[in-house]
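Visitor: There's a structure below that I have some questions on.
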Amino acid sequence: MPEPRPLRRAVFLDRDGTICEEMGYVNHVDRLRIFPYAAEAIRRLNDAQFPVIIVTNQSGVARNIFPESLVHQVHEKMIAELAAGGARVDAVYFCPHKSEDECECRKPNPGLLERAAREHRLDLAASWVVGDRYADLEMAYAAGGRGILVMTGYGRGEYQLHRAKWPRQPDALAENLTEAVRRILDE
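Here it is in structure tokens:
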């Protein structure tokens, strides 16, 4: 009987504010604006053999702001634009619920990471989460991983206004996804 493949470390990326501009609700596919450096940053992770998995809250579905089919269209467009820049996304997971739904998949709960770990044989303790909200980091910590807060999107404001109240500080800060990837690869 062959031995099971070892678990792999991965990089989990938040979508809005990390890979693309923070727009509030992306309620139309044309509102997706990927940062010009995102494809190159993700390509560097690909070259280093990190699975790249996007995890995002999309409560607009539960709030009837947009249908779930739009989330899939936005993700298809994002993946295609990143691929045109030579970058590969291994998977995308999203939570369509509101916080009051108390589901396990809504950040900061670790449900999306745990599902990805099962489906892709990932070692969450050896993985990173990169995002622009403290909820992204809380999700990482709840799963035993590490978190980098980027200063794009809501990141700078969250850090400057709320960091004194955080029970755990980010494992690293980065100006943007490019710097976050550099920090991960330099480790």
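Just so you know, the sequence shown maps onto residues 0 to 186 in numbering that gives the first Met the number 0.
Glycine included, every Cβ here is placed at the ideal spot set by N, Cα and C.
A quick note: this is a predicted structure, and the numbers were derived from the prediction, not measured.
(1) Return the first residue and the last residue of the alpha helix (DSSP H) that Leu136 is part of.
(2) Under a three-way DSSP split, which group does Gly190 fall into?
(3) To which residues of the same chain is Val91 closer than 7 Å at the C-beta, ignoring the five residues directly before and after it?
(4) Could you tell me which residues DSSP puts in a beta bridge with Ile33?
(5) Please state whether DSSP places Thr151 in a helix, a strand or coil.
(6) Among Leu44, Gly143 and Lys106, which one has its Cα closest to the Cα of Tyr133?
(7) Which whole-angstrom value is the C-beta distance of Ala86 and Arg42, which I expect to be below 8 Å?
(8) Return yes when the Cβ of Pro50 is within less than 8 Å of the Cβ of His119, no when it is not.
(9) Unbroken beta strand (DSSP E) runs of length 3 or more, entirely within the region 57-130: which are they?
(10) Is it the case that the Cβ atoms of Tyr24 and Ile64 are separated by a distance below 8 Å?
(11) If I measure Cβ to Cβ from Tyr153 and keep anything under 7 Å in the same chain, skipping five residues before and after, which residues do I get?
(12) Ordered along the chain, which non-local residues of its own chain (more than five positions away) have a Cβ less than 7 Å from that of Arg62?
(13) Look up Val180 in the DSSP assignment and give the residues it is bridged to.
(14) Lys76: which of Glu178, Arg30 and Val60 sits nearest, CA to CA?
(15) Taking Glu99 as the reference, which of Phe93, Ser58, Leu81 and Gly84 has the closest Cα?
(16) Quick check: the Cα distance between Ala173 and Arg167, rounded to an integer number of angstroms?
(17) What is the rounded straight-line gap between the Cα of Arg182 and the Cα of Leu136?
(18) Which term fits Glu157, buried or exposed, when burial requires 16 or more other beta carbons within 10 angstroms of its beta carbon?
(19) Below 8 Å between beta carbons: does that hold for Leu176 and Val129?
Guide: The relevant details are as follows:
(1) Walking along the sequence shown from the start, residue 136 turns up at place 137. Residues Tyr133 to Ala141.
(2) In this structure the chain extends from 0 to 186, so residue 190 is not present and cannot be described.
(3) As a working mapping, residue 91 is identified with position 92 in the sequence shown. Contacts found: Ile53 and His74.
(4) Within the sequence shown, numbered from 1, the residue matching residue 33 stands at position 34. DSSP lists Cys19 as partners of Ile33.
(5) Position 152 of the sequence shown holds residue 151. In the structure shown, Thr151 sits in coil (DSSP, three-state: anything other than H, G, I, E or B).
(6) Position 134 of the sequence shown holds residue 133. Taking only the C-alpha atoms, the option nearest Tyr133 is Lys106.
(7) In the sequence shown, residue 86 corresponds to position 87, counting from 1. In the sequence shown, residue 42 corresponds to position 43, counting from 1. Contact flag correct, Cβ pair sits at about 4 Å.
(8) In the sequence shown, residue 119 corresponds to position 120, counting from 1. In the sequence shown, residue 50 corresponds to position 51, counting from 1. Yes, they are a contact pair.
(9) 90-94 and 127-130
(10) What you label residue 24 is simply residue 25 of the sequence shown in a count that begins at 1. What you label residue 64 is simply residue 65 of the sequence shown in a count that begins at 1. Closer than 8 Å, so yes.
(11) The sequence position of residue 153 within the sequence shown is 154, counting from 1. Taken in chain order, the residues that qualify are Gly16, Glu21, Asp131 and Arg132.
(12) To locate residue 62, count along the sequence shown from 1; it is residue 63. Only Lys97 meet the Cβ criterion.
(13) As a first step, residue 180 is located in the sequence shown; it is residue number 181 there, counting from the start. The partner list for Val180 (beta bridge, DSSP) is empty, contrary to what the question assumes.
(14) Taking the first residue of the sequence shown as position 1, residue 76 is located at position 77. The residue with the shortest Cα to Cα distance from Lys76 is Arg30.
(15) Counting from one through the sequence shown, the residue named residue 99 turns up at place 100. Ranking the options by Cα distance to Glu99, first place goes to Ser58.
(16) Here residue 173 refers to the residue found at position 174 when the sequence shown is read from its first residue. Here residue 167 refers to the residue found at position 168 when the sequence shown is read from its first residue. Taking the straight line joining both Cα atoms gives about 17 Å.
(17) Locating residue 182 in the sequence shown gives position 183, counting from the first residue. Locating residue 136 in the sequence shown gives position 137, counting from the first residue. Cα-Cα distance, rounded: 16 Å.
(18) In the sequence shown, counting from the first residue as 1, residue 157 sits at position 158. By the 10 Å Cβ count, Glu157 comes out buried.
(19) As a first step, residue 176 is located in the sequence shown; it is residue number 177 there, counting from the start. As a first step, residue 129 is located in the sequence shown; it is residue number 130 there, counting from the start. Yes, the Cβ-Cβ distance between Leu176 and Val129 is below 8 Å.
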